[in-house]
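Asks: Position one of the sequence shown corresponds to residue 418 (the working numbering), numbered consecutively onward.
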Amino acid sequence: MILHPGILALLTGSVLTLILCLYAAGSGLYILRYWDRNSTSALQYRLEQRTVLISTLVRLALVFEIASGLLFIYTVDELHPLFVGAMCATGTLNANPVGWNALTTKIALFFGASLWLVLNRFDDRAEDYPLVRGKFLALPLVAWLIGLDLYYQVSFFTGLKPEVITSCCGALFSSGGSGLAADLAGLPPGPTMVAFYAGAGLLLLALGSAWCWPSGVLRVILAVLAAGFFPLALAAIISFISLYIYQLPTHHCPFDLFQNHYHYIGYPLYLCLFTTVLCGLMPGIFTPLRRFSSLREALARAERRWLVVALLALLGFLTLASLPILLGPLSLLESA
418 MILHPGILAL LTGSVLTLIL CLYAAGSGLY ILRYWDRNST SALQYRLEQR TVLISTLVRL
478 ALVFEIASGL LFIYTVDELH PLFVGAMCAT GTLNANPVGW NALTTKIALF FGASLWLVLN
538 RFDDRAEDYP LVRGKFLALP LVAWLIGLDL YYQVSFFTGL KPEVITSCCG ALFSSGGSGL
598 AADLAGLPPG PTMVAFYAGA GLLLLALGSA WCWPSGVLRV ILAVLAAGFF PLALAAIISF
658 ISLYIYQLPT HHCPFDLFQN HYHYIGYPLY LCLFTTVLCG LMPGIFTPLR RFSSLREALA
718 RAERRWLVVA LLALLGFLTL ASLPILLGPL SLLESA
């Protein structure tokens, strides 16, 4: 295994978070077995204390897991000079294809961990702990995701061999190649651009509607549109946004955006995208919490914040994606 500080930090952190979450999941099952909110017994008092302790431990663990996604991308990009044929993170991931599974799991963990943290925050702020059962029933799934993430990371990093000749983005994200990446790179810029901005417009309309009217149906529609916008935006990045940022009509790689040649624009670009999708999902996902009287006021305030953050993040994403199109010399539509 390559002894890189990023690798050691990722693996050490994942081991510790897995241990914490497994302990928390086991304690959560014990709490669920004996939990009785209407009881005033000493046992119930101890369970409430343990609930606070476990929630604090899991919160720390999941914050690391969310941040580890950025560290993972940074690390695989830092490693690419070690491999012949690699010019960015794509080459490192291709050096051991298990890395793509690790990246996918990181994305799933970002959303899963974020949603659990929000659920836990609502439960901690209510005097009657209405979400104890829900959050502890979801905790084994989160622990399973962390375990799967650790497995893929260990398999990926231990399988990296500097002597391996790998292929980079020019081969994978090529319109003349085969596979999903090549299919996305081969999408026609014009129709893809229309679909992307139409999807963004619908999402903006849904955000505005959810702000004006407290309808649960509107929030579910918003969540569906936010979920659909995620793959649409990723396809747009590969199809045409990356081309305008690179000012090259054939370079579709979504990972070179993280390099200093392009002012690390990938970090704010993807952060805005992930924030948009997450904050767009939450009003719809947490709409059922309205049935708890102790959560209605806090949920209403939180929804307003989510909508504002989603709007600002979406506008930030559109700005970063559109400025190279509007100001750069490259014109894909004229050459199409």
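C-beta atoms are modelled at their ideal positions from N, C-alpha and C, and glycine is treated no differently. Small disclaimer: the values here were computed from a predicted structure and weren't measured.
(1) Are at least three pairs of beta-carbons, each pair with one atom in the region 707-719 and one in the region 535-544, less than 8 Å apart?
(2) Thinking just about the alpha-carbon of each residue, which of Leu427, Leu477, Tyr440 and Ile742 is nearest to the one in Ser610?
(3) Do Ser572 and Pro606 have their beta-carbon atoms positioned less than 8 Å apart in this structure?
(4) Kindly provide the ranges of any alpha helix (DSSP H) runs that are 4 or more residues long and lie completely inside the region 702-745, ordered along the chain.
(5) Quick check on Ile582: does DSSP put it in helix, strand or coil?
(6) What's the call for Ser632, buried or exposed, on a 16-neighbour Cβ count within 10 Å?
(7) Could you check whether Ala484 and His497 sit closer than 8 Å to each other, using their CB atoms as the reference points?
(8) Would the region 677-688 count as touching the region 717-729 if we require 3 or more Cβ pairs under 8 Å?
(9) Per DSSP, what are the beta-bridge partners of Val501 in this structure?
(10) How many angstroms separate the CA atom of Gly576 from the CA atom of Thr522?
(11) Anyone know if the C-beta pair for Leu479 and Leu534 falls short of 8 Å?
(12) Among residues of its own chain, excluding the 5 on either side of Ala653, which ones have a beta-carbon nearer than 7 Å to its beta-carbon?
(13) Would the region 556-567 and the region 635-652 be scored as touching if the rule is three or more Cβ pairs under 8 Å?
(14) Taking 8 Å as the cut-off, decide whether the C-beta atoms of Gln676 and Asp494 are in contact.
(15) Identify which residue in Leu474, Val501, Ala525 and Leu510 has its Cα closest to the Cα of Tyr491.
(16) Can you give me the Cβ contacts of Pro412 inside the same chain, cut-off strictly under 8 Å, excluding the 5 residues immediately before and after it?
(17) Between Gly596 and Leu428, what straight-line distance do the alpha-carbon atoms span, to the nearest angstrom?
(18) Based on Cα-Cα distance, which residue from Leu554, Ala442, Phe734 and Thr693 lies nearest to Phe527?
(19) Starting from Glu495, trace the alpha helix (DSSP H) in both directions and tell me its first and last residue.
(20) Does the Cβ-Cβ distance between Leu532 and Ile702 come in under 8 Å?
(21) Quick check: the Cα distance between Leu556 and Phe539, rounded to an integer number of angstroms?
(22) With DSSP as the reference, label Ile419 as helix, strand or coil.
(23) Do the CB positions of Gly810 and Thr583 come within less than 8 Å of each other?
(24) Would you mind working out which of Thr434, Leu435, Gly551 and Leu477 sits nearest Leu446, comparing C-alpha positions?
(25) Quick check on Arg636: buried or exposed, where buried means 16 or more other Cβ atoms within 10 Å of its Cβ?
(26) Run through DSSP, which three-state label would Gly645 get?
(27) Given Leu435, which residues of its chain have a CB within under 6 Å of its CB, disregarding the five upstream and five downstream residues?
(28) Rounding to the nearest angstrom, what Cα-Cα distance links Tyr681 and Leu716 in this structure?
(29) Got a sec? Which residues, its chain only, sit under 6 Å from Thr736 by beta carbon, not counting five neighbours each side?
(30) So, with DSSP's three-state summary, where would you put Arg454?
(31) Taking only the alpha-carbon atoms, compute the straight-line gap between Ala512 and Cys585 and give it to the nearest angstrom.
(32) Using the three-state DSSP reduction, which class does Ile682 fall into: helix, strand or coil?
(33) Taking the beta carbon of Thr457 as the centre, do at least 16 other beta carbons fall within 10 Å, making it buried, or is it exposed?
(34) Express the C-alpha separation of Leu624 and Leu639 in angstroms, rounding to a whole number.
Replies: Inspection of the coordinates gives the following:
(1) yes
(2) In the sequence under discussion, the amino acid at residue 610 is Met, which differs from the Ser named in the question. For the residues Leu427, Leu477, Tyr440 and Ile742, the minimum Cα distance to Met610 belongs to Ile742.
(3) no
(4) 713-744
(5) strand
(6) exposed
(7) no
(8) no
(9) Ile582
(10) 18 Å
(11) yes
(12) Thr609 and Phe613
(13) no
(14) yes
(15) Leu510
(16) The structure shown does not extend to residue 412, since the chain is modelled only from 418 through 753, so no value can be given for it.
(17) 30 Å
(18) Thr693
(19) Ala459 to Leu496
(20) yes
(21) 15 Å
(22) coil
(23) Look at the range of the chain in this structure, 418 to 753, and you will see that residue 810 is not part of it.
(24) Gly551
(25) buried
(26) helix
(27) Ile563, Gly564 and Leu567
(28) 35 Å
(29) none
(30) coil
(31) 9 Å
(32) coil
(33) exposed
(34) 7 Å
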